[in-house]
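A.B. asks: Using the working numbering, you'd call the opening residue of the sequence shown number 294 and step up by one each time. Pasting a structure below so you can have a look.
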Amino acid sequence: MTKCTANRLTRRSALQFGGALALSGLAPSMAAIAGSRIPFGAAVLLEPFRNDPQLKRMLLDHVDVIVPMNVLKWDGIRHSKKFFDFSGADELVDFAVQNGKRLHGHTLLWYNANPQWLDAITSPKRLERVLVEHIEEVVGRYAGRIGSWDVVNEVVAHDPLNQGKWRTSVWYNVLGPKHVDIAFSTAARTDPTARLYINDYDLEDDSLRTKARQEAILKIVHRLQRKNIPVHGVGLQAHLYAERKIGRENLARFIDQLHRLGLDVAVTEMDIIDWKLPADKAIRDAAVAAKTREFLSALTASTTPRAISTWGLNDRYSWIGDVFPRDDQARARPLPFDRDWNAKPMFDAIREFTA
Ligand code: XIL
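Printed below as a string of structure tokens:
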């Protein structure tokens with residue numbers, strides 16, 4: 294296809310064309326067809342950001358969107374119930390702003406990474422007050438700098454088929470479903486220009502559990518919209534298991550449902566869980582790149598994600614080896630760069646969609 298033809302394609306025909314090609318296995322990215330470019334993002338850990346000079350270089354050279362990995366979580370900011378400690382977050386935000394990078398905020402509400410004093414709250418009135426105050430303070434501080442937020446993270450149960458729709462957390466246990474309403478309405482009121490996401494994992498295959506998780510997300514979006522509370526998109530974390538197939542049709546259906554509701558999609562935390570892959574590095578890296586391509590070509594056949602972000606850049610600073618250890622003790626290789634900052638095949642796969 295020539296460039297000239299590509300430029301004349303409307304978005305809709307590009308979508309259909311992309312879809313047709315995708316089905317034929319020749320999927321170019323939607324963005325390539327439409328002539329736009331999908332921003333590439335990466336989550337950043339504070340410690341290597343401070344101590345590994347190469348990380349800053351790579352961010353400057355390759356990354357459009359910086360996602361503070363841990364420092365915006367409650368236990369990053371609220372170790373003391375009396376103070377807000379923005380020191381770590383400010384370091385990353387200042388670097389991003391000074392270097393013309395966009396920022397995505399992670400996260401305003403999670404069941405995990407909460408300081409002990411927060412998890413101990415049992416009064417609904419008090420918990421609501423604390424949540425509202427936190428979001429006003431954090432979103433207010435970074436308004437105009439952090440352009441989008443994972444307002445709520447992982448509020449859907451791991452397995453809604455057996456556990457009910459909602460994730461058990463201090464938020465749900467004390468406030469019930471309205472914890473999500475409070476979070477979104479406070480974020481929207483505090484920074485009306487920010488794009489507000491509901492972020493979650495295991496939304497990419499076609500198992501019954503994943504379908505139930507997608508259904509739960511859609512219900513939460515419906516709930517917010519019924520109450521006229523702004524919600525702009527769904528973040529697909531995309532912690533992808535190398536051994537699981539992407540549910541192409543199911544993913545397309547889910548995205549179509551989100552589009553009908555006026556929502557967009559972002560890839561927020563992509564990495565490839567390589568614990569079951571063969572030990573051989575070349576084979577593993579090829580499989581990781583193949584899974585990246587399988588996912589991104591399925592995704593871009595039905596949408597142009599707002600960004601494609603990986604959960605870190607360098608295998609050395611990934612959480613995957615800790616949480617999904619390999620039987621043979623070999624180190625995990627889930628990210629676009631190896632431990633010495635050599636680009637891996639996964640990086641080339643991502644660039645096909647973002648460059
Ligand atoms: C992880 C970080 O990568 C680790 O450094 C930290 O110790 C625990 O949290 N889903 C999320 C992220 O939304 O916040 C998690 O990040 C990974 C899973």
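Glycine included, C-beta positions come from ideal geometry on N, C-alpha and C. It should be emphasised that the depicted structure is a prediction, and the values quoted were computed from it without experimental measurement.
1. From the DSSP output, which residues share a beta bridge with M563?
2. Smallest Cα separation from D354: which of F646, A636, K538?
3. Drop a sphere of 10 angstroms on the beta-carbon of K394, count the other beta-carbons inside from all chains shown, and report buried for 16 or more, exposed for fewer.
4. Rounded to a whole number of angstroms, what is the C-alpha to C-alpha distance between L533 and I566?
5. May I ask whether a heavy atom of the ligand XIL can be found less than 6 Å away from the beta carbon of N344?
6. Is the beta carbon of R460 less than 7 Å from the beta carbon of V448?
7. Does the distance between the C-beta of M362 and the nearest non-hydrogen atom of the ligand XIL fall short of 6 Å?
8. Could you tell me the distance, in whole angstroms, from the CA atom of L348 to the CA atom of I359?
9. Residues in its own chain within less than 8 Å of T479 by CB, not counting five upstream and five downstream?
10. Are the Cβ atoms of V386 and R438 separated by less than 7 Å?
11. Output needed for R676: all residues of its chain with C-beta closer than 6 Å, excluding positions within five of it in sequence on either side, in chain order.
12. Note down the Cα distance separating L592 from F377, rounded to an integer number of angstroms.
13. Could you pull the start and end residues of the alpha helix (DSSP H) that P361 belongs to?
14. Judging by CA-CA distance, which residue of V527, R519, N521, L420 is the nearest neighbour of I510?
15. The ligand XIL and N446: does the residue's C-beta get closer than 6 Å to at least one heavy atom of that ligand?
16. Within this structure, are the beta carbons of P629 and F617 separated by less than 7 Å?
C.D. replies: Straight from the coordinates:
1. Numbered from 1 along the sequence shown, position 270 holds the residue referred to as residue 563. According to DSSP, which records beta bridges pairwise, M563 is partnered with T603.
2. Here residue 354 refers to the residue found at position 61 of the sequence shown. Closest by alpha carbon: A636.
3. Counting from one through the sequence shown, the residue named residue 394 turns up at place 101. Answer is buried; the Cβ neighbour count reaches 16.
4. Within the sequence shown, numbered from 1, the residue matching residue 533 stands at position 240. Within the sequence shown, numbered from 1, the residue matching residue 566 stands at position 273. C-alpha separation (whole angstroms): 6 Å.
5. Here residue 344 corresponds to residue number 51 of the sequence shown, with the count starting at 1. No, the Cβ of N344 stays beyond 6 Å of every heavy atom of the ligand XIL.
6. As a position in the sequence shown, residue 460 is number 167, starting the count at 1. As a position in the sequence shown, residue 448 is number 155, starting the count at 1. Yes.
7. In the sequence shown, residue 362 corresponds to position 69, counting from 1. Within the cutoff, so yes.
8. Walking along the sequence shown from the start, residue 348 turns up at place 55. Walking along the sequence shown from the start, residue 359 turns up at place 66. The straight-line gap from Cα to Cα measures roughly 12 Å.
9. Counted from its first residue, the sequence shown places residue 479 at position 186. L424, V425, I428, E429, V432, listed in sequence order.
10. The count along the sequence shown starts at 1 and reaches residue 386 at position 93. The count along the sequence shown starts at 1 and reaches residue 438 at position 145. Contact: yes.
11. Outside the displayed span of the chain (294 to 648) sits residue 676, for which this structure offers no information.
12. Looking up residue 592 in the sequence shown gives position 299. Looking up residue 377 in the sequence shown gives position 84. Roughly 38 Å separates the two Cα atoms.
13. Numbered from 1 along the sequence shown, position 68 holds the residue referred to as residue 361. No alpha helix (DSSP H) contains P361, which is instead part of the beta strand (DSSP E) from 358-361.
14. Your numbering for residue 510 matches position 217 in the sequence shown. Of the listed residues, the one whose Cα sits closest to I510 is V527.
15. Counting from 1 along the sequence shown, the entry for residue 446 is found at position 153. It does: the Cβ of N446 is within 6 Å (strictly closer) of some heavy atom of the ligand XIL.
16. Counting from 1 along the sequence shown, the entry for residue 629 is found at position 336. Counting from 1 along the sequence shown, the entry for residue 617 is found at position 324. Result no, Cβ atoms of P629 and F617 do not sit closer than 7 Å.
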